[in-house]
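Reading through the structure tokens given below for one structure.
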Amino acid sequence: MNATISYFEIYDSKGSVVLKNKNLNSNSIEVTNLTPGVYFLKVIDDKNQIKNVRFVKK
Numbered sequence: 012m013n014a015t016i017s018y019f020e021i022y023d024s025k026g027s028v029v030l031k032n033k034n035l036n037s038n039s040i041e042v043t044n045l046t047p048g049v050y051f052l053k054v055i056d057d058k059n060q061i062k063n064v065r066f067v068k069k
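Every number in the working numbering is 11 more than the matching position in the sequence shown, counting from 1.
Right, here's the structure in full:
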């Protein structure tokens with residue numbers, strides 16, 4: 012994604028929202044405070060495009 016992040020949500024493997032933010036106006040998300048595990052990221056950019064990504068925090 013080469014656009015600016017307008018909104019994001021991070022879900023844990025149970026489907027619970029563990030982190031969200033709007034009006035971020037950035038191209039990075041800080042995840043150092045998350046415990047190790049599998050997460051799902053939903054991002055909406057400044058062009059209203061939605062991207063869903065699975066990632067592993069070690």
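Glycine is no exception: its CB is placed at the ideal position from the N, C-alpha and C atoms.
Using a Cβ distance threshold of 8 Å, E20 and K53 count as a contacting pair. Taking the Cα positions, V49 is about 18 Å away from S39. In the three-state reduction of the DSSP assignment, I21 falls in the strand class. Per DSSP, the continuous beta strand (DSSP E) segment holding N32 begins and ends at 28–37. For L45, the three-state secondary structure derived from DSSP is coil.
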